[in-house]
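Below is one structure, written out as structure tokens, with a few remarks after it.
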Amino acid sequence: METKGYLNMDLLRFTTAGNVDDGKSTLIGRLLYDSRAIFDDQMEAVERASAKRGNGEVDLSLLTDGLRAEREQGITIDVAYRYFATPRRKFIIADTPGHIQYTRNMVTGASTANLAIILVDARKGMQEQTSRHAFIASLLGIPHVVFCINKMDLVDYDEAVFLDIKQQLEDFSSKLDARDLNFIPISALKGDNVVQRSTRMDWYQGTTLMYLLEHIHIAGDLNHIDRRFPVQTVIRPMTDEWHDFRGFAGQIAGGIFRTGETVQVLPSGFQSTIKSIHLGEHEVQEAFAPQSVVMTLADEIDISRGDMISGTNNLPQTSQDVDVMICWLNQRPLQPGGKYALKHTTRDARCMVKEVAYKMDINSLRRLEGDKAIGMNDIGRVKLRTTVPLHFDLYTRNRNTGSLILIDEATNETVAAGMVV
Amino acid sequence: MTMHSYRLTHLKELESESMHILREVASQFDHPALLFSGGKDSIVCFHLARKAFFPAKVPFPLLHVDTGHNFTETIEFRDRLVEKYGVELLVGSVQKSIDEGKVQEETGFYASRNKLQINTLLEAIETHKIDCAIGGARRDEEKARAKERVFSHRDEFGQWDPKNQRPELWNLYNGRKRPGEHFRAFPISNWTEMDVWQYILLEGIDIPSIYFSHEREVFLRDGVIYANSPFMHLKPDEQPFTKRVRFRTIGDMSCTGAVDSPAATLEEIINEVASTRTTERGSRMDDKRSEAAMEDRKKEGYF
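As given, the protein sequences belong to chains V and Y, one line each in that order.
Count along the first sequence starting at 1, add 3, and that's the number in my numbering.
Count along the second sequence starting at 1, add 2, and that's the number in my numbering.
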């Protein structure tokens with residue numbers, strides 16, 4: 004592996020969703036295997052385990068099973084992260100199970116993804132779970148969606164089958180806030196259009212899945228317009244060399260910051276100019292999302308964790324009343340009027356659920372105005388009242404400043420994922 | 003005029019993510035500590051911590067769980083690093099746990115202190131009131147680790163409950179806990195072995211000499227090359243011999259296999275890692291005990 008090429012790769016995070024028998028594990032196994040991310044000893048372990056179970060052939064899905072219970076029950080319980088690289092890109096797969104009860108895992112995997120692969124069985128076409136997966140991908144703001152119509156080998160590689168399913172998916176997706184949709188006919192088992200171009204589907208003019216993963220344009224996925232810098236911690240060395248140094252550390256959540264520019268500090272509202280930007284031991288003139296940096300300002304302003312440094316002409320919204328779409332992730336259902344701890348950017352707060360506006364039927368995308376009971380795996384729209392003002396953007400505008408989580412104060416468990424609407 | 007590119011390479015994106023995680027740990031916990039084994043992953047974590055808090059010092063101590071079976075080179079490296087950066091070092095000693103009768107030394111040819119570390123680690127966490135132990139574990143290393151959260155909750159007995167982990171979304175990490183419970187945090191979760199090596203090269207990070215090819219007295223057992231040392235009990239048919247080897251991972255002398263390798267520079271190591279067909283932990287005897295060896299140890303409090 005050439006070092007020079009390796010240092011110039013970028014990173015694509017994607018999530019995979021599919022029903023239990025859609026061939027998701029086989030697809031992942033093939034991507035890993037064909038990109039040589041699977042080592043001989045891992046393969047031998049899978050061969051040994053397959054033999055022990057009495058499976059006739061090597062079961063690639065065993066490659067992606069992590070926990071003892073998963074192997075025993077032959078199911079996936081939790082999000083597993085996989086890694087592979089090609090000479091162009093490094094990939095992180097959030098491999099999430101497809102069963103209905105594990106919507107929470109899909110939401111978790113989707114939260115950081117640039118791209119979602121949604122598997123559809125060519126024999127079955129679009130199913131309830133397909134619409135749920137597409138909806139979650141859209142709700143979590145995944146910029147690129149790839150529908151892989153799998154098992155084309157079982158429908159004689161028939162173009163009509165592919166076009167019919169594609170039409171169903173397009174019709175459904177028109178109801179979603181989906182940005183970039185792609186459709187690829189594949190056979191994960193036989194390898195058609197995964198890494199190698201299929202010779203059995205001449206009618207398909209598009210790219211293979213791997214080509215698309217390697218070339219899809221992701222530089223525009225981050226917001227480089229609205230300047231947002233949530234302060235994580237204050238750096239005060241208090242040494243002789245850095246006697247008066249007072250820097251603000253954080254990961255840029257949006258936009259590009261340059262030295263000499265005027266910024267506004269929230270919630271105080273004071274303005275100052277950026278004196279210096281530090282990336283480790285180096286000083287830089289500008290920094291952009293998602294870099295982790297330290298900034299100093301020209302004026303002494305009281306700033307602490309949870310505050311936000313922002314551009315001056317383009318401020319985030321500031322309010323104690325926030326409308327969010329939430330995915331409920333816990334066995335204990337949402338308590339209307341209940342109080343929860345809340346994390347938003349680097350800010351900790353508490354909040355009360357003032358109102359449940361509606362629950363979504365995620366299969367039909369209908370709003371259930373009369374049904375406001377939100378339990379595990381449900382998605383709904385709520386109004387929150389927070390103890391301190393939050394500085395936020397719409398989730399569709401910025402995934403970093405538009406997202407929050409709710410925590411049960413009794414159990415400390417993360418119970419909901421929220422997206423500001 | 004050249005156009006600026008506002009795009010990060012994958013290593014810089016991973017670096018940024020890791021720095022964010024380390025700052026979250028320092029902000030959310032009262033007494034975090036960085037588990038430091040002297041291996042490359044913990045060295046990279048320390049390097050990232052220095053970057054995250056510069057120009058201030060790393061705001062937490064290092065914690066070394068000393069099995070007493072370390073490579074001399076690792077201990078020397080640790081002490082030099084501690085001196086150079088003026089960081090506090092805490093040591094938990096497995097030998098002491100054995101002497102005090104808290105754990106019992108394994109016997110036989112495959113005796114290892116690997117599992118005994120759990121007790122010493124948990125004791126050190128309690129003694130020093132550590133509420134978050136930062137580790138250099140990576141998800142690509144092992145299948146149980148592939149499911150680990152970045153902020154990973156441990157109950158009052160230090161146990162991990164893999165089936166009941168908190169969902170972890172965006173870059174929002176939930177470190178809330180009850181008294182007596184603690185967390186493990188893994189800032190380089192998303193790095194691969196190759197990422198770590200390339201980053202070491204990119205940043206010019208110093209690592210212990212035993213990662214590079216050197217001559218050493220070794221012996222063969224079950225097809226694995228082990229360093230000969232007073233901690234190993236050789237079977238009658240096992241004859242020590244001298245060989246050019248290097249270590250791909252650094253654990254105890256009694257559980258870390260060497261690789262037959264001429265790689266003497268970082269570039270050569272990277273080429274070797276790129277073409278190798280076995281996993282990094284393939285030469286670790288501690289993982290070979292069963293299919294769920296790592297999962298079982300992790301549940302009990304292993305890192």
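Ideal Cβ positions, reconstructed from N, Cα and C, are used throughout, including at glycine.
- For Y8/Y, the chain V residues whose C-beta falls within less than 7 Å of its own C-beta are H227, I259, F291, listed in chain order.
- Among the residues of chain Y, those whose CB is under 7 Å from the CB of I410/V are N176, R178, following chain order.
- For the region 179–190 of chain Y, residues whose beta-carbon sits nearer than 8 Å to a beta-carbon of chain V comprise K179, R180.
- At a cut-off of 9 Å, the C-beta of G263/V has no neighbouring C-beta in chain Y.
- Taking a contact to require three or more Cβ pairs closer than 8 Å, the region 32–49 of chain Y and the region 132–139 of chain Y qualify as touching.
- Distance between Q208/V and I120/V, taken at the CA atoms: about 19 Å.
- Look at Q132/V here: in three-state DSSP terms it is helix.
- Look at V82/V: its C-beta is under 9 Å from a C-beta on chain Y.
- Across the region 390–404 of chain V, CB contacts with chain Y closer than 9 Å involve R402, N403, in sequence order along the chain.
- The DSSP assignment places 184–187, 216–223 as complete runs of the beta strand (DSSP E) inside the region 154–226 of chain Y, in order along the chain (cut-off: 3 residues).
- Rounded to whole angstroms, the gap between the alpha carbons of T29/V and D43/V is 18 Å.
- In this chain, the beta strand (DSSP E) harbouring F249/Y covers 243–249.
- Within the region 196–220 of chain V, the complete alpha helix (DSSP H) segments of 4 residues or longer fall at 212–218, listed in chain order.
- As summarised for the region 249–282 of chain Y, the continuous beta strand (DSSP E) elements at least 3 residues long and confined to that stretch are 259–262, given in chain order.
- Identification of chain V residues near W162/Y by a Cβ-Cβ cut-off of 7 Å yields none; the smallest Cβ-Cβ distance measures about 11 Å.
- Residues of the same chain with a CB within less than 6 Å of the CB of K27/V, apart from the 5 flanking positions on each side, are T19, G21, L122 in chain order.
- Taking the beta carbon of Q119/Y as reference, no residue of chain V falls within 7 Å; the closest one sits roughly 22 Å away.
- Residue-level contact by beta carbon holds for E416/V and chain Y, with a gap shorter than 9 Å.
- A check of alpha carbon separations from M21/Y across T267/Y, I212/Y, I227/Y, R52/Y identifies R52/Y as the nearest.
- Per DSSP, the beta bridge partners of L345/V are A352/V, L409/V.
- Each of L300/V, G250/V, P240/V, R249/V was checked against the Cα of G263/V, and the nearest Cα belongs to L300/V.
- A direct Cα-Cα distance of roughly 48 Å separates F232/V from E47/V.
- Pairwise C-beta distances place the region 259–279 of chain V in contact with the region 287–302 of chain V, as three or more of them are shorter than 8 Å.
- Following the DSSP letters along the chain, one finds D133/Y in no alpha helix (DSSP H), marked with neither H nor E.
- For chain Y, none of the residues of the region 127–150 of chain V brings a beta carbon within less than 8 Å of one of its beta carbons.
- Taking 9 Å as the cut-off, the Cβ atoms of D229/V and G314/V count as close.
- Scanning its chain for C-beta atoms nearer than 8 Å, with the 5 sequence neighbours on each side dropped, one finds around E125/Y the residues G94, S99, K104, in chain order.
- Inter-residue distance for R91/V and R388/V is about 46 Å (C-alpha atoms, whole angstroms).
- Beta-bridge partners assigned by DSSP to I280/V: V287/V, M298/V.
- Three or more Cβ pairs closer than 8 Å define a contact, and the region 365–377 of chain V falls short of that threshold against the region 341–349 of chain V.
- With respect to V110/V, L407/V sits apart: the two C-beta atoms are not nearer than 9 Å.
- Only exposed fits P238/Y, as fewer than 16 other CB atoms lie within 10 angstroms of its CB.
- Interface with chain V (9 Å Cβ-Cβ cutoff): P210/Y is excluded.
- If only uninterrupted beta strand (DSSP E) runs of at least 3 residues are considered, those enclosed by the region 43–108 of chain Y are 64–68, 91–95.
- For L318/V, the three-state secondary structure derived from DSSP is coil.
- The CB of K93/V comes closer than 7 Å to the CB of H12 in chain Y, given here in chain order.
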